[in-house]
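Residue numbers (my numbering), protein chains in the order written: chain P, 7 to 121; chain X, 10 to 121.
The block underneath contains the structure these notes are about, expressed in structure tokens.
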Amino acid sequence: DTAVSQTPKYLVTQMGNDKSIKCEQNLGHDTMYWYKQDSKKFLKIMFSYNNKELIINETVPNRFSPKSPDKAHLNLHINSLELGDSAVYFCASSPRTGAFNEKLFFGSGTQLSVL
Amino acid sequence: GEDVEQSLFLSVREGDSSVINCTYTDSSSTYLYWYKQEPGAGLQLLTYIFSNMDMKQDQRLTVLLNKKDKHLSLRIADTQTGDSAIYFCAETLYNQGGKLIFGQGTELSVKP
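Structure (structure tokens):
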């Protein structure tokens, strides 16, 4: 009964390839996120969707394209992978109560290694 | 600015108290959080405090907030080896639609 599940857990690929990471939450939350965690454990928001609508889009290269087919799913597609894209990517969701109390529930991460 | 800063490492002996500190710069913070990340896992919310409070206690965890100095701390009483993890401080910014900003994490090592 995983609340936020993302696949795959590990992704090893060559530079220049296109890859996707999938995320699903069964918590009934309205808001979903993608975060990137670098090798120094620094965590930075990439995108946020509320009810399938993009609400946060940080300065991320346009090779990264999120897609939310419904509010329970938020996938991340990455084109033309580069060495610097190697990181752990976390999906998260929150109920978005509207009181700025963003309690996030995280998936277990996808470790992307670009060779 | 949006900076949230923490020291990178803390080492304690089992049974001692641990105090993890965090400073933030944005005065529009509404809620402040502590998340825990165990190896190979995602972050898990431990506790949070509203910006008009100065203390919150939850079992072995005590959060102290000094809003004047923009300083947040997490005290873990009777620290156990299972508490070894990375602890992230985070804040939501009222003037940015509630965007969550994380510190760089403090790696807590508990020695038996």
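Yeah, the Cβ is synthetic: ideal placement off N, Cα and C, and Gly gets one too.
Everything numeric in this text was worked out from a predicted model, so none of it was measured.
* Asked: From ASN57 of chain P to LYS77 of chain P, what does the alpha carbon distance come to, in whole angstroms?
  -> Taking the first residue of the first sequence as 1, we reach residue 57 of chain P at position 51. Taking the first residue of the first sequence as 1, we reach residue 77 of chain P at position 71. ASN57 of chain P and LYS77 of chain P: Cα-Cα distance of roughly 5 Å.
* Identify the continuous beta strand (DSSP E) that holds SER36 of chain X and give its terminal residues. => The residue given as residue 36 of chain X occupies position 27 in the second sequence. That residue, SER36 of chain X, is in no beta strand (DSSP E); it is neither H nor E in DSSP.
* Asked: Do LEU89 of chain P and TRP40 of chain P come within 8 Å of each other at the CB atom, strictly closer than that value?
  -> As a first step, residue 40 of chain P must be located in the first sequence, where it is residue number 34. As a first step, residue 89 of chain P must be located in the first sequence, where it is residue number 83. Against a cut-off of 8 Å, the Cβ pair of LEU89 of chain P and TRP40 of chain P comes out as no contact.
* If SER92 of chain P sits next to SER119 of chain P, beta carbons under 8 Å apart, how far is it from one beta carbon to the other, in whole angstroms? -> Counting from one through the first sequence, the residue named residue 92 of chain P turns up at place 86. Counting from one through the first sequence, the residue named residue 119 of chain P turns up at place 113. Going by Cβ atoms, the distance from SER92 of chain P to SER119 of chain P rounds to 5 Å, so yes, they are a contact pair.
* Contact list for PHE112 of chain P against chain X, beta-carbon separation under 9 Å -> Numbered from 1 along the first sequence, position 106 holds the residue referred to as residue 112 of chain P. Here the neighbours are TYR44, GLN46, ALA50, GLY51, LEU52, GLN53, LEU54.
* Please list the residues of the segment 85–96 of chain P that have a C-beta atom closer than 7 Å to any C-beta atom in chain X, keeping them in chain order. => PHE96
* Asked: According to DSSP, is ASP63 of chain X helix, strand or coil?
  -> Counting from one through the second sequence, the residue named residue 63 of chain X turns up at place 54. Correct three-state label for ASP63 of chain X: coil.
* CA-to-CA distance, GLN113 of chain X to LYS46 of chain P, given in whole angstroms -> Taking the first sequence and counting its residues from 1, the one referred to as residue 46 of chain P is at position 40. Taking the second sequence and counting its residues from 1, the one referred to as residue 113 of chain X is at position 104. Computed Cα separation, rounded: 8 Å.
* Asked: Nearest to ILE58 of chain X by CA position, among X:ALA50, X:LEU52, X:VAL72, X:PHE111, is which residue?
  -> For the purposes of this step, residue 58 of chain X is taken as the residue at position 49 of the second sequence. Ranking X:ALA50, X:LEU52, X:VAL72, X:PHE111 by Cα distance to ILE58 of chain X puts X:VAL72 first.
* Which residue comes first and which comes last in the beta strand (DSSP E) that contains ALA94 of chain X? -> Sequence index remark: in the second sequence, residue 94 of chain X carries index 85 (1-based). Start and end: 94–102.
* **Opposing strand residues paired with ILE61 of chain P [DSSP bridges]** => For this step, residue 61 of chain P is matched to residue 55 along the first sequence. ILE61 of chain P is not bridged to any residue.
* Taking C-alpha atoms, which residue in P:ASP44, P:LEU33, P:LYS25, P:LEU49 lies nearest to SER86 of chain P? -> Locating residue 86 of chain P in the first sequence gives position 80, where the first residue counts as 1. Selected option, being the one with the closest Cα: P:LYS25.
* Since I believe LEU41 of chain X is in contact with SER60 of chain X (beta carbons under 8 Å), could you give me their beta-carbon distance rounded to a whole number of angstroms? => Counting from one through the second sequence, the residue named residue 60 of chain X turns up at place 51. Counting from one through the second sequence, the residue named residue 41 of chain X turns up at place 32. Their Cβ separation, rounded to whole angstroms, is 7 Å, which keeps SER60 of chain X and LEU41 of chain X in contact under 8 Å.
* For THR71 of chain X, three-class secondary structure by DSSP -> Counting from one through the second sequence, the residue named residue 71 of chain X turns up at place 62. Three-state result, THR71 of chain X: strand.
* THR116 of chain P (DSSP reduced to helix, strand or coil) -> Against the first sequence, residue 116 of chain P aligns to sequence position 110. Residue state, collapsed to three classes: strand.
* Asked: Does DSSP classify LEU89 of chain P as helix, strand or coil?
  -> Numbered from its first residue, the first sequence carries residue 89 of chain P at position 83. In this structure, LEU89 of chain P counts as helix in the three-state DSSP scheme.
* Would you report the Cα separation of GLU64 of chain P and ALA99 of chain X, rounded to the nearest angstrom? -> The sequence position of residue 64 of chain P within the first sequence is 58, counting from 1. The sequence position of residue 99 of chain X within the second sequence is 90, counting from 1. Taking the straight line from one Cα to the other gives about 17 Å.
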